[in-house]
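Chains A and B, in that order, give the protein sequences.
The first sequence begins at 149 in this note's numbering and counts up one residue at a time.
The second sequence begins at 87 in this note's numbering and counts up one residue at a time.
Working notes, beginning with the structure itself.
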Amino acid sequence: MESISTSNGRMINRSLEWVGDIGIFSWKVMASALSPPFEFREIFRQFDEIGSKSLPLVALAGAAIGTVFALETRSSLARFGAKSMLPAAIIYSIIHEMGPIVTGLVVSGRVGAGIGAELGSMKVTEQIDAIEASAVNPYKLLAFTRILACILVLPLLTLVTDFCGVVAGWIATTLADPISFQRFFYAGFSGVNFSDFLAPTFRTCVFGLIIGLVACFQGMHTKGGTEGVGRSATSSVVLSSLFVILADVILVKLILIFFP
Amino acid sequence: MKNSIADTGLSTPQETRNPDEPVLMVRDVHKSFGAQHVLDGVSLNLARGETLVMLGRSGTGKSVLLKLIIGLAIPDSGSICIQGKEIAGLGLSEMNQLRIKMGFLFQNAALYDSLTVEQNVAFPLERHTSMSAAERGDRVKELLRSVGMEGALKKLPSNISGGMQKRVGLARALALQPELLLLDEPTAGLDPITSAEIDDLVLKLQEENNLTSVVVTHDLQSAKVIADRVALLDKGKVVQEGSFEDLVESHNEFVREFFKRDS
Chain A
149 MESISTSNGR MINRSLEWVG DIGIFSWKVM ASALSPPFEF REIFRQFDEI GSKSLPLVAL
209 AGAAIGTVFA LETRSSLARF GAKSMLPAAI IYSIIHEMGP IVTGLVVSGR VGAGIGAELG
269 SMKVTEQIDA IEASAVNPYK LLAFTRILAC ILVLPLLTLV TDFCGVVAGW IATTLADPIS
329 FQRFFYAGFS GVNFSDFLAP TFRTCVFGLI IGLVACFQGM HTKGGTEGVG RSATSSVVLS
389 SLFVILADVI LVKLILIFFP
Chain B
87 MKNSIADTGL STPQETRNPD EPVLMVRDVH KSFGAQHVLD GVSLNLARGE TLVMLGRSGT
147 GKSVLLKLII GLAIPDSGSI CIQGKEIAGL GLSEMNQLRI KMGFLFQNAA LYDSLTVEQN
207 VAFPLERHTS MSAAERGDRV KELLRSVGME GALKKLPSNI SGGMQKRVGL ARALALQPEL
267 LLLDEPTAGL DPITSAEIDD LVLKLQEENN LTSVVVTHDL QSAKVIADRV ALLDKGKVVQ
327 EGSFEDLVES HNEFVREFFK RDS
């Protein structure tokens with residue numbers, strides 16, 4: 149029993165230490181961002197790395213959820229004689245929940261692993277030390293640029309997921325029961341207002357902050373050679389996905405309170 | 087050079103300093119990693135234009151001392167002064183002003199693997215000088231020529247050998263015309279001819295630019311050629327300090343044992 153409580157205590161200690169360390173890391177990143185140079189070139193490079201290169205994956209994920217949702221929901225709604233509600237159900241679900249969370253999870257997988265492995269590899273090969281020795285702040289050059297790119301790019305990628313989901317949902321619907329895209333679109337968006345669209349899309353900025361911050365922290369704190377790089381990549385994905393899901397639950401509740 | 091570091095306003099003018107003041111003063115420095123005491127009261131002085139070679143067995147804290155000097159790690163106690171400035175109390179921007187005046191060659195070169203050789207050497211120039219792209223290009227070519235790597239401009243570090251990476255790392259360390267050069271095993275893993283070339287380059291820099299250097303090495307031949315003074319470290323302490331010949335003729339048992347293999 150004692151060994152279990154000891155190991156639990158150690159785990160709690162490690163978790164608290166991690167929270168403290170990521171807090172200090174966040175502070176250093178924020179402090180570094182306030183002074184010039186502002187690393188615009190690196191920020192644009194990261195837009196491309198994180199944004200453009202994630203486009204095919206999020207588009208595919210959006211199309212997949214749109215198709216599956218249309219196929220699954222159609223039979224359920226048909227059972228209750230509410231087939232006409234299908235466009236609204238697809239569009240509302242994708243915009244409100246599935247688009248943002250799927251984008252968050254897909255990006256945390258692709259970008260989280262990428263940042264964790266890249267910065268981890270730079271750490272174990274002393275490249276981060278070399279940046280610091282060159283009198284350049286690595287928190288700004290490596291971490292701030294990536295975190296900012298994640299924050300700004302996530303809502304844009306969410307729009308792509310939403311669009312592909314809606315189009316794929318229409319294709320799946322029209323194959324079973326032909327309907328024009330225009331009719332599908334108007335039927336779907338008739339009950340949706342601007343706040344239904346705005347708050348869920350922009351909550352992905354928080355997902356971007358979580359993904360960027362966790363992946364940069366895990367990468368820049370890599371220890372132990374190539375094995376450590378692997379561990380950083382894995383932990384970046386696991387932790388950022390976990391915190392994205394937790395943040396989603398909290399943000400959905402807050403959105404329901406502030407945008408009823 | 088029109089836009090070199092000296093006229094960008096980043097370098098403190100030499101004439102404002104006392105020429106007799108040591109460039110580097112290390113006083114009673116201790117450093118531990120967990121239970122492991124790596125440095126246990128190291129003290130060293132380095133005069134302008136002097137080359138100090140630090141010898142010692144692996145794991146005696148030589149590389150750690152270099153990292154403490156450039157501020158990549160913080161000593162547990164003791165003092166490190168560079169050009170009269172105690173680095174312990176410096177803020178990041180002040181520390182960076184000092185780092186600009188130092189060149190650091192890492193043990194494994196630590197080149198940025200996503201950048202080409204040219205971009206690696208240009209990195210500090212882009213950050214800390216107001217050179218135009220053309221001037222920067224000329225300076226990069228000049229630096230790479232001085233280390234015999236002018237043909238590898240567009241290559242990635244992964245496409246050149248370890249020895250070549252070291253030479254590019256040296257070119258990068260020299261980019262801002264440093265006043266203090268810190269070299270961590272510059273000849274480790276290199277063939278004897280390349281090692282001799284690196285030694286010649288360090289000597290040339292010392293003669294032409296009155297460059298002050300701290301060199302960590304296991305290469306006794308290299309130490310013999312480049313050292314004005316040698317410090318032998320063991321168990322985190324300086325066992326003996328003096329000229330290479332002084333150490334060769336030492337009566338200290340550890341020093342004799344260390345030099346026996348080479349003789």
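Glycine included, C-beta positions come from ideal geometry on N, C-alpha and C.
Q | Closest by C-alpha distance to L242 of chain B, when choosing among B:V233, B:V254, B:G275 | A | B:V254
(Q) With three or more C-beta pairs closer than 8 Å as the rule, is the region 138-157 of chain B touching the region 199-212 of chain B? (A) no
**Q.** Rounded straight-line distance, which links the Cα of E187 of chain A to that of P204 of chain A
**A.** 27 Å
(Q) What residue range does the alpha helix (DSSP H) around R253 of chain B cover? (A) 248-260
Q) Do V314 of chain A and I213 of chain A have their C-beta atoms within less than 8 Å of each other? A) no
Q) Smallest Cα separation from R111 of chain B: which of B:E221, B:Q193, B:I155? A) According to the sequence displayed, residue 111 of chain B carries Met and not Arg. The shortest C-alpha separation from M111 of chain B is found at B:I155.
(Q) For a minimum of 4 consecutive residues, which ranges assigned as the alpha helix (DSSP H) are wholly contained in the region 273-358 of chain A? (A) 275-281, 293-324, 329-337, 342-350
Q) Per DSSP, what kind of secondary structure is F391 of chain A in: helix, strand or coil? A) helix
Q. What are the boundary residues of the alpha helix (DSSP H) that includes L269 of chain B?
A. First-last for L269 of chain B: 266-270, but that is the beta strand (DSSP E), not the alpha helix (DSSP H).
Q) Looking at the C-beta of R185 of chain B, does it have a partner C-beta in chain A at a distance below 8 Å? A) yes
Q: Provide the residue span of the beta strand (DSSP E) that contains D60 of chain B, from first to last.
A: This structure does not reach residue 60 of chain B, given that chain B is present from 87 up to 349, and the question cannot be answered.
Q. Expressed to the nearest angstrom, what Euclidean distance is found between the alpha-carbon atoms of N296 of chain B and M235 of chain B?
A. 23 Å
**Q.** S118 of chain B in three-state terms, based on DSSP
**A.** strand
Q) When the cut-off is 8 Å and only beta carbons count, does V302 of chain B lie next to chain A? A) no
Q | Residue environment, P286 of chain A, which counts as buried when at least 16 other CB atoms sit within 10 Å | A | buried
Q.
At the level of alpha carbons, what is the spacing between T303 of chain B and N182 of chain B?
A. 26 Å
Q) To the nearest angstrom, how far is it from the Cα of A92 of chain B to the Cα of R225 of chain B? A) Confidence at A92 of chain B is low in this model, with a pLDDT of 41, below 50, so the placement of that residue should be treated as unreliable; the coordinate-derived value is given next. Rounded to the nearest angstrom, the two C-alpha atoms are 14 Å apart.
Q: Kindly list the residues whose CB is nearer than 6 Å to the CB of A195 of chain B, restricted to its own chain and excluding five residues on each side of it in sequence; keep chain order.
A: Q251, K252, G255
Q | Integer-rounded CB distance, given that L289 of chain B should sit under 8 Å from I81 of chain B | A | In the structure displayed, chain B extends from 87 to 349; residue 81 of chain B sits before or after that span and is not available.
Q: Would you mind sorting P184 of chain A into buried or exposed? The rule is 16 or more other CB atoms within 10 Å of its CB.
A: exposed
Q. Quick one: is E278 of chain A near chain B, going by C-beta distance under 8 Å?
A. Rather than Glu, the amino acid found at residue 278 of chain A in this sequence is Ala. Yes, its Cβ sits closer than 8 Å to a Cβ of chain B.
Q) Mind checking G373 of chain A: buried by the 16 CB within 10 Å criterion, or exposed? A) exposed
Q.
So with CB distances below 8 Å, who are the chain A contacts of I173 of chain B?
A. Chain A residues near I173 of chain B: none, gap ~13 Å exceeds 8 Å.
**Q.** Integer Cβ distance of V300 of chain B from L158 of chain B, believed to fall under 8 Å
**A.** In fact, because the Cβ distance is near 14 Å, the residues do not count as touching under 8 Å.
Q. Between the beta-carbon of P303 of chain A and the beta-carbon of T382 of chain A, is there less than 8 Å?
A. no
Q) Applying a beta-carbon distance threshold of less than 7 Å, which residues of chain A neighbour I156 of chain B? A) A281
**Q.** M87 of chain B (DSSP reduced to helix, strand or coil)
**A.** Residue placement at M87 of chain B is poorly supported in this model, since its pLDDT is 36, which falls under 50; the coordinates are not used for a value here.
Q: Using the Cα positions of S244 of chain B and I405 of chain A, report the straight-line distance between them to the nearest angstrom.
A: 54 Å
**Q.** Whole-Å CB distance - E136 of chain B paired with D305 of chain B, under 8 Å assumed
**A.** Between D305 of chain B and E136 of chain B the Cβ distance is about 19 Å, and since that is not below 8 Å, they are no contact.
(Q) Considering just the uninterrupted stretch of the beta strand (DSSP E) at D320 of chain B, what are its terminal residues? (A) 315-320
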